[in-house]
Amino acid sequence: MDFENWSDIKKEFEQFLKFERGLSINSIDAYLNDVSKFQIYCEDNHLVLNTVTRKNIQEFLAWLQEFNISPFTQSRLISGLKTFFSFLMIEHEFVNNPTDLLQAPRLARKLPSVLSIHEIDQLISAIDLTSPEGERNKTIIEILYGCGLRVSELVTLKISNLFLDVEFIKVEGKGSKERLIPIGQHAIKHLRIYLETVRPHIKIKGGNEDIVFLNRRGAALSRVMIFLIIKELASKIGLQKTISPHTFRHSFASHLVEGGADLRAVQDMLGHESITTTEIYTHIDRDYLHSIITQYHPRS
(Lines of atoms letter the chains of each structure in order from A and count residues from 1; the text may use other names and numbers.)
(Lines give C-alpha, C1' and ligand atoms only; values in the text may rest on other atoms or scores of the structure.)
Protein backbone atom coordinates (compact mmCIF):
# COMPACT_ATOMS: atom_id res chain seq x y z
CA MET A 1 0.00 0.00 0.00
CA ASP A 2 1.29 3.44 -0.94
CA PHE A 3 0.84 5.46 2.25
CA GLU A 4 1.40 8.70 0.37
CA ASN A 5 -1.65 8.05 -1.82
CA TRP A 6 -4.26 9.75 0.34
CA SER A 7 -6.98 9.47 -2.31
CA ASP A 8 -6.96 5.64 -2.25
CA ILE A 9 -6.63 5.51 1.53
CA LYS A 10 -9.63 7.80 2.02
CA LYS A 11 -11.72 5.77 -0.44
CA GLU A 12 -10.95 2.62 1.55
CA PHE A 13 -11.73 4.42 4.81
CA GLU A 14 -15.06 5.59 3.38
CA GLN A 15 -15.97 2.01 2.43
CA PHE A 16 -14.95 0.83 5.90
CA LEU A 17 -17.19 3.43 7.60
CA LYS A 18 -20.10 2.62 5.29
CA PHE A 19 -20.04 -1.17 5.29
CA GLU A 20 -18.17 -2.15 8.46
CA ARG A 21 -19.42 0.59 10.78
CA GLY A 22 -22.78 1.22 9.09
CA LEU A 23 -22.53 5.00 9.56
CA SER A 24 -24.83 7.58 7.99
CA ILE A 25 -23.72 9.75 5.04
CA ASN A 26 -23.43 12.82 7.33
CA SER A 27 -21.20 10.95 9.81
CA ILE A 28 -19.00 9.58 7.01
CA ASP A 29 -18.58 13.08 5.56
CA ALA A 30 -17.56 14.40 8.99
CA TYR A 31 -14.91 11.67 9.42
CA LEU A 32 -13.52 12.23 5.92
CA ASN A 33 -13.38 15.98 6.55
CA ASP A 34 -11.32 15.36 9.71
CA VAL A 35 -8.92 13.09 7.82
CA SER A 36 -8.56 15.70 5.06
CA LYS A 37 -7.43 18.26 7.65
CA PHE A 38 -4.81 15.79 8.87
CA GLN A 39 -3.78 15.11 5.27
CA ILE A 40 -3.05 18.83 4.73
CA TYR A 41 -0.87 18.88 7.85
CA CYS A 42 1.02 15.72 6.84
CA GLU A 43 1.68 16.96 3.30
CA ASP A 44 2.82 20.38 4.54
CA ASN A 45 5.25 18.67 6.93
CA HIS A 46 6.33 15.87 4.55
CA LEU A 47 4.97 13.16 6.85
CA VAL A 48 4.24 9.67 5.52
CA LEU A 49 1.20 8.10 7.17
CA ASN A 50 2.86 4.89 8.40
CA THR A 51 5.60 6.91 10.16
CA VAL A 52 3.26 9.25 12.10
CA THR A 53 3.95 9.35 15.85
CA ARG A 54 1.96 10.51 18.86
CA LYS A 55 4.12 13.63 18.90
CA ASN A 56 3.07 14.38 15.30
CA ILE A 57 -0.60 14.07 16.29
CA GLN A 58 -0.10 16.40 19.25
CA GLU A 59 1.67 18.92 16.98
CA PHE A 60 -1.22 18.65 14.50
CA LEU A 61 -3.71 19.48 17.28
CA ALA A 62 -1.53 22.39 18.40
CA TRP A 63 -1.45 23.61 14.78
CA LEU A 64 -5.25 23.51 14.66
CA GLN A 65 -5.42 25.68 17.78
CA GLU A 66 -4.07 28.54 15.68
CA PHE A 67 -7.47 28.54 13.93
CA ASN A 68 -9.29 28.96 17.26
CA ILE A 69 -11.26 25.74 16.96
CA SER A 70 -13.76 25.02 19.71
CA PRO A 71 -13.30 22.21 22.28
CA PHE A 72 -16.25 20.43 20.62
CA THR A 73 -14.54 20.49 17.20
CA GLN A 74 -11.24 19.35 18.74
CA SER A 75 -13.01 16.48 20.50
CA ARG A 76 -14.68 15.40 17.27
CA LEU A 77 -11.35 15.57 15.41
CA ILE A 78 -9.67 13.34 17.96
CA SER A 79 -12.53 10.86 17.70
CA GLY A 80 -12.22 10.93 13.89
CA LEU A 81 -8.46 10.32 13.99
CA LYS A 82 -8.83 7.48 16.48
CA THR A 83 -11.30 5.78 14.14
CA PHE A 84 -9.02 6.41 11.14
CA PHE A 85 -5.96 4.86 12.78
CA SER A 86 -8.03 1.94 14.11
CA PHE A 87 -9.04 1.31 10.48
CA LEU A 88 -5.37 1.40 9.42
CA MET A 89 -4.45 -1.13 12.10
CA ILE A 90 -7.26 -3.47 11.02
CA GLU A 91 -6.89 -3.15 7.24
CA HIS A 92 -3.16 -2.42 6.85
CA GLU A 93 -1.67 -3.98 9.98
CA PHE A 94 -0.22 -0.83 11.47
CA VAL A 95 1.86 -1.91 14.47
CA ASN A 96 1.31 1.23 16.55
CA ASN A 97 -1.67 3.52 16.93
CA PRO A 98 -0.37 7.05 17.57
CA THR A 99 -3.80 8.16 18.86
CA ASP A 100 -4.00 5.51 21.61
CA LEU A 101 -3.34 7.77 24.60
CA LEU A 102 -4.91 10.95 23.23
CA GLN A 103 -7.47 12.51 25.55
CA ALA A 104 -10.30 14.59 24.13
CA PRO A 105 -11.10 17.82 25.99
CA ARG A 106 -13.93 17.52 28.49
CA LEU A 107 -17.04 19.18 27.16
CA ALA A 108 -19.66 20.97 29.19
CA ARG A 109 -22.92 19.19 28.52
CA LYS A 110 -25.49 21.61 27.16
CA LEU A 111 -29.05 20.74 28.10
CA PRO A 112 -31.34 20.74 25.07
CA SER A 113 -34.18 23.22 24.78
CA VAL A 114 -37.63 21.71 25.35
CA LEU A 115 -41.18 22.93 24.83
CA SER A 116 -43.91 22.87 27.44
CA ILE A 117 -47.15 21.05 26.65
CA HIS A 118 -48.85 24.46 26.45
CA GLU A 119 -46.31 25.68 23.87
CA ILE A 120 -46.80 22.55 21.76
CA ASP A 121 -50.58 23.05 21.89
CA GLN A 122 -50.09 26.68 20.84
CA LEU A 123 -47.95 25.69 17.86
CA ILE A 124 -50.48 23.09 16.71
CA SER A 125 -53.37 25.56 17.16
CA ALA A 126 -51.54 28.05 14.92
CA ILE A 127 -51.71 25.69 11.92
CA ASP A 128 -54.17 26.75 9.22
CA LEU A 129 -56.29 23.65 8.62
CA THR A 130 -58.18 25.19 5.70
CA SER A 131 -55.44 24.06 3.31
CA PRO A 132 -54.27 20.50 2.54
CA GLU A 133 -50.77 21.48 3.67
CA GLY A 134 -52.23 22.47 7.05
CA GLU A 135 -53.53 18.97 7.77
CA ARG A 136 -50.20 17.53 6.64
CA ASN A 137 -48.25 19.94 8.86
CA LYS A 138 -50.41 19.15 11.88
CA THR A 139 -49.75 15.45 11.34
CA ILE A 140 -46.02 16.16 11.08
CA ILE A 141 -45.96 17.97 14.44
CA GLU A 142 -48.09 15.27 16.09
CA ILE A 143 -45.65 12.57 14.93
CA LEU A 144 -42.48 14.51 15.77
CA TYR A 145 -43.75 15.09 19.30
CA GLY A 146 -45.76 11.87 19.71
CA CYS A 147 -43.00 9.50 18.53
CA GLY A 148 -39.77 11.45 19.12
CA LEU A 149 -38.51 11.01 15.56
CA ARG A 150 -35.39 12.60 14.11
CA VAL A 151 -36.19 14.83 11.12
CA SER A 152 -34.35 12.38 8.81
CA GLU A 153 -36.61 9.57 10.10
CA LEU A 154 -39.72 11.67 9.52
CA VAL A 155 -38.98 12.62 5.89
CA THR A 156 -38.17 8.98 5.00
CA LEU A 157 -41.12 7.46 6.88
CA LYS A 158 -42.85 4.85 4.69
CA ILE A 159 -46.50 3.87 4.44
CA SER A 160 -45.43 0.21 4.45
CA ASN A 161 -43.86 0.79 7.88
CA LEU A 162 -47.07 2.07 9.50
CA PHE A 163 -48.78 -0.51 11.70
CA LEU A 164 -51.57 1.68 12.98
CA ASP A 165 -53.89 -1.20 13.96
CA VAL A 166 -51.37 -2.27 16.60
CA GLU A 167 -50.23 1.34 17.26
CA PHE A 168 -46.61 1.05 16.11
CA ILE A 169 -44.48 2.55 13.36
CA LYS A 170 -41.10 1.31 12.09
CA VAL A 171 -38.35 3.82 11.33
CA GLU A 172 -34.84 3.60 9.96
CA GLY A 173 -32.48 5.48 12.26
CA LYS A 174 -28.77 6.20 12.32
CA GLY A 175 -26.58 3.59 10.67
CA SER A 176 -29.66 2.09 8.92
CA LYS A 177 -30.80 0.58 12.23
CA GLU A 178 -34.53 -0.11 12.35
CA ARG A 179 -36.67 0.24 15.46
CA LEU A 180 -40.35 0.02 16.38
CA ILE A 181 -41.93 3.01 18.13
CA PRO A 182 -45.38 3.18 19.75
CA ILE A 183 -47.67 5.80 18.20
CA GLY A 184 -50.44 7.42 20.23
CA GLN A 185 -54.11 7.97 19.38
CA HIS A 186 -53.70 11.70 18.58
CA ALA A 187 -50.99 11.02 15.99
CA ILE A 188 -52.90 8.02 14.57
CA LYS A 189 -56.07 10.09 14.14
CA HIS A 190 -54.32 12.85 12.19
CA LEU A 191 -52.20 10.41 10.22
CA ARG A 192 -55.35 8.62 9.03
CA ILE A 193 -56.99 11.94 8.08
CA TYR A 194 -53.91 12.97 6.08
CA LEU A 195 -53.54 9.59 4.35
CA GLU A 196 -57.25 9.28 3.52
CA THR A 197 -58.24 12.85 2.61
CA VAL A 198 -55.09 14.77 1.57
CA ARG A 199 -52.44 12.45 0.16
CA PRO A 200 -54.73 10.72 -2.43
CA HIS A 201 -55.18 14.07 -4.22
CA ILE A 202 -51.42 14.54 -4.78
CA LYS A 203 -49.90 13.51 -8.10
CA ILE A 204 -47.00 11.42 -6.83
CA LYS A 205 -43.58 11.52 -8.49
CA GLY A 206 -42.02 8.19 -9.37
CA GLY A 207 -40.07 6.63 -6.50
CA ASN A 208 -42.13 8.40 -3.81
CA GLU A 209 -45.15 6.08 -3.79
CA ASP A 210 -44.30 4.67 -0.35
CA ILE A 211 -43.24 7.96 1.28
CA VAL A 212 -45.76 9.29 3.83
CA PHE A 213 -45.16 13.05 3.70
CA LEU A 214 -45.13 14.69 0.27
CA ASN A 215 -44.95 18.26 -1.03
CA ARG A 216 -47.41 19.72 -3.55
CA ARG A 217 -45.31 18.36 -6.42
CA GLY A 218 -45.56 14.80 -5.13
CA ALA A 219 -41.99 14.47 -3.89
CA ALA A 220 -40.73 13.69 -0.39
CA LEU A 221 -40.42 16.71 1.89
CA SER A 222 -36.86 17.90 2.53
CA ARG A 223 -35.37 18.39 5.98
CA VAL A 224 -35.15 22.13 5.23
CA MET A 225 -38.89 22.26 4.53
CA ILE A 226 -39.64 20.78 7.96
CA PHE A 227 -37.41 23.43 9.57
CA LEU A 228 -39.27 26.19 7.68
CA ILE A 229 -42.70 24.86 8.69
CA ILE A 230 -41.69 24.89 12.36
CA LYS A 231 -39.98 28.28 12.14
CA GLU A 232 -43.12 29.81 10.62
CA LEU A 233 -45.33 28.36 13.37
CA ALA A 234 -42.99 29.66 16.09
CA SER A 235 -43.12 33.10 14.51
CA LYS A 236 -46.94 32.98 14.37
CA ILE A 237 -47.29 32.50 18.13
CA GLY A 238 -44.40 34.81 19.01
CA LEU A 239 -42.35 32.01 20.60
CA GLN A 240 -39.07 33.41 21.93
CA LYS A 241 -37.25 30.05 22.03
CA THR A 242 -35.12 28.96 19.08
CA ILE A 243 -36.66 25.66 18.03
CA SER A 244 -36.10 23.02 15.36
CA PRO A 245 -37.60 19.60 14.53
CA HIS A 246 -35.21 18.13 17.11
CA THR A 247 -36.83 20.26 19.83
CA PHE A 248 -39.94 18.06 19.56
CA ARG A 249 -37.77 14.95 20.02
CA HIS A 250 -36.23 16.50 23.15
CA SER A 251 -39.68 17.46 24.40
CA PHE A 252 -41.00 13.93 23.76
CA ALA A 253 -38.20 12.40 25.85
CA SER A 254 -38.27 15.05 28.57
CA HIS A 255 -42.03 14.76 29.11
CA LEU A 256 -41.77 10.96 29.29
CA VAL A 257 -39.03 11.17 31.94
CA GLU A 258 -40.95 13.83 33.89
CA GLY A 259 -43.96 11.52 33.85
CA GLY A 260 -41.92 8.67 35.36
CA ALA A 261 -41.13 6.60 32.25
CA ASP A 262 -38.37 3.99 32.53
CA LEU A 263 -35.12 5.37 31.12
CA ARG A 264 -34.36 2.13 29.22
CA ALA A 265 -37.73 2.33 27.48
CA VAL A 266 -37.04 5.95 26.48
CA GLN A 267 -33.60 4.90 25.21
CA ASP A 268 -35.19 2.22 23.00
CA MET A 269 -37.79 4.62 21.60
CA LEU A 270 -35.16 7.27 20.80
CA GLY A 271 -32.76 4.72 19.30
CA HIS A 272 -29.82 5.78 21.50
CA GLU A 273 -26.94 3.31 21.50
CA SER A 274 -25.84 4.37 24.97
CA ILE A 275 -28.02 4.98 28.04
CA THR A 276 -25.64 7.87 28.85
CA THR A 277 -27.10 9.86 25.95
CA THR A 278 -30.62 9.32 27.31
CA GLU A 279 -29.61 10.29 30.85
CA ILE A 280 -29.41 13.95 29.83
CA TYR A 281 -33.21 14.04 30.15
CA THR A 282 -32.94 13.22 33.85
CA HIS A 283 -30.93 16.47 34.20
CA ILE A 284 -33.71 18.36 32.46
CA ASP A 285 -36.16 16.81 34.90
CA ARG A 286 -34.02 17.96 37.85
CA ASP A 287 -33.87 21.48 36.39
CA TYR A 288 -37.65 21.44 36.10
CA LEU A 289 -38.03 20.40 39.74
CA HIS A 290 -35.56 23.07 40.80
CA SER A 291 -37.55 25.72 38.93
CA ILE A 292 -40.71 24.61 40.74
CA ILE A 293 -38.99 25.02 44.12
CA THR A 294 -37.60 28.42 43.15
CA GLN A 295 -40.98 29.58 41.95
CA TYR A 296 -43.19 28.32 44.76
CA HIS A 297 -41.17 27.70 47.92
CA PRO A 298 -41.31 30.64 50.37
CA ARG A 299 -37.60 30.27 51.32
CA SER A 300 -36.26 30.12 47.76
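If you read the sequence shown in UniProt numbering, its first letter stands for residue 1, the second for the next number, and so on.
Virtual Cβ for every residue (Gly too), placed ideally from N, Cα, C.
query	result
GLU59: first and last residue of the uninterrupted alpha helix (DSSP H) it sits in	54-65
Top-ranked residue by Cα proximity to VAL52, from PHE94, ILE120, GLU12 and THR83	PHE94
Residue from GLN58, THR242, LYS241 and LEU64 whose Cα sits closest to the Cα of ASP100	GLN58
Neighbourhood of PRO132 by C-beta distance below 6 Å, restricted to the same chain and skipping five residues each side	VAL198
Beta-bridge partners of LEU162, as assigned by DSSP	ILE169
When LEU154, ILE183 and ILE159 are compared against GLU167, the one with the closest alpha-carbon	ILE183
C-alpha gap between ASN161 and VAL171, whole angstroms	7 Å
Inter-residue Cα distance where the pair is ALA234 and LEU17	38 Å
Integer-rounded CB distance, given that ILE140 should sit under 8 Å from ILE226	7 Å
Assigned secondary structure, SER150 (DSSP; H/G/I helix, E/B strand, else coil)	A quick correction: the sequence has Arg, not Ser, at residue 150. It is coil, neither helix nor strand.
Within 8 Å, strictly: CB atoms of LEU256 and THR278	no
Extent of the continuous alpha helix (DSSP H) to which ILE230 belongs	223-236
Helix, strand or coil at ALA30 according to DSSP, with G and I counted as helix	helix
Classification of PRO98 by the beta-carbon crowding that lies within 10 angstroms, buried from 16 upward	buried
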